[in-house]
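If you want our numbering, it's the position in the sequence shown, counting the first as 1, plus 43.
In this text, a Cβ means the ideal position worked out from N, Cα and C, and glycines have one as well.
These figures come from a predicted structure and were not determined experimentally.
Remarks on the structure that follows.
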Amino acid sequence: MVRIQGKYNRRDAEQRFSCVYEAVSGDRCIYCGMPNNGKFDHQPPVYALHRFSAGALVTKRQIREQFGTCQLVPCCTICNMGLGAYIGCDINDRRREIADWFLPDNRYPGDKLILVMGYGPIKLHFKYRQTQSIYSFPAVGRAIYISALTGLMKDRYKSFDDFPDWLIEAQRELNQWLHAAPKRSGQHFLEMARLESYRLVPSARSDPRGQFSNMDAN
């Protein structure tokens, strides 16, 4: 069997497996409905294909037999970071993985109150039309993402068109605020997820939920 260099390099892996992915058109994140601003998510993750190939050359047929159809889907930066290398069994499973970063953390009793407080500024903002400074408060972003993700997961909304007016407007303004400064989206994800650095949870990218460990064991 022909083998290639096994060390993972994201750019090299994306180039290597680019012919396998089918692009899905759209200008809104497939998971939460936020504008994707030209960003996309590989499903399954490129890292999953790299792990599957185990340093050997593999065919498109082998990849599709293992993972099904490989797609490049519209995705915002925050949802992309929330997914990391998570594969998931369907779109709602992946939404759940993203939402878990923002839901109340039971290890910190005060976190639920902080999240509840995130909805307050949103209501006041749309009542009195305050400035977009409310979006710098991480709990506000958490409230917006949780509302969209869990609403879609629980069929409260059948599609993005079913979002209430406040959520549509909040997503639009949050998107504007996130892209008003370089790298703000990535930093805001860390603040929303209560992380100092993405590197503190390497499994989020390399082996979320132990999925690859389970795959290797089979």
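(request) Mind checking which residues open and close the beta strand (DSSP E) that includes residue 175? (result) Taken as a continuous stretch (DSSP letters only), residue 175 belongs to no beta strand (DSSP E), as it is neither H nor E.
(request) Could you have a look at residue 221 and say whether DSSP puts it in helix, strand or coil? (result) helix
(message) Which complete alpha helix (DSSP H) runs does the stretch 46-77 hold, if anything under 4 residues is left out?
(response) 53-60
(request) Kindly indicate which three-state DSSP category residue 116 falls into: helix, strand or coil? (result) strand
(message) Pull the bridge partners of residue 85 from the DSSP assignment, please.
(response) 115
(message) I'd like the list of long-range same chain contacts for residue 75, defined as Cβ closer than 7 Å, with 5 residues on each side in sequence excluded.
(response) 119, 122, 188, 191, 192
(message) Using a 10 Å radius around the Cβ and a threshold of 16 neighbouring Cβ atoms, would you call residue 132 buried or exposed?
(response) exposed
(message) On the CB-based measure, 16 or more other CB atoms within 10 Å of its CB, does residue 124 come out buried or exposed?
(response) buried
(message) In the DSSP output, which residue or residues are listed as bridge partners for residue 91?
(response) According to DSSP, which records beta bridges pairwise, residue 91 is partnered with nothing at all.
(request) Figure out for me which residue from 78, 80, 109, 81 has the closest Cα to the Cα of residue 88. (result) 109
(request) Would you tell me roughly how many angstroms separate the C-alpha atoms of residue 61 and residue 134, rounded to the nearest one? (result) 21 Å
(request) Could you tell me the distance, in whole angstroms, from the CA atom of residue 169 to the CA atom of residue 207? (result) 13 Å
(request) Note the first and the last residue of the continuous alpha helix (DSSP H) segment covering residue 135. (result) 134-142
(request) Report all residues from its chain with a CB closer than 7 Å to the CB of residue 117; omit the five preceding and five following residues, and keep chain order. (result) 67, 69, 70, 71, 72, 73, 79, 83
(request) Buried or exposed for residue 3, please, with buried defined as at least 16 other CB atoms from any protein chain shown within 10 angstroms of its CB. (result) It is not possible to answer for residue 3, since the shown part of the chain is limited to 44 through 261.
(request) Pick out whichever of 103, 51, 54 has its Cα sitting closest to the Cα of residue 65. (result) 103
(message) Given a cut-off of 7 Å on the beta-carbon distance, is the pair residue 141 and residue 91 in contact?
(response) no
(request) Classify residue 127 as helix, strand or coil using the three-state DSSP reduction. (result) coil
(message) Given a cut-off of 7 Å on the beta-carbon distance, is the pair residue 138 and residue 158 in contact?
(response) no
(message) Using 7 Å as the threshold, is the C-beta distance between residue 265 and residue 209 below it?
(response) What is shown of the chain runs 44 to 261, which leaves residue 265 out entirely.
(message) For residue 204 and residue 197, what's the separation of their Cα atoms in angstroms?
(response) 15 Å
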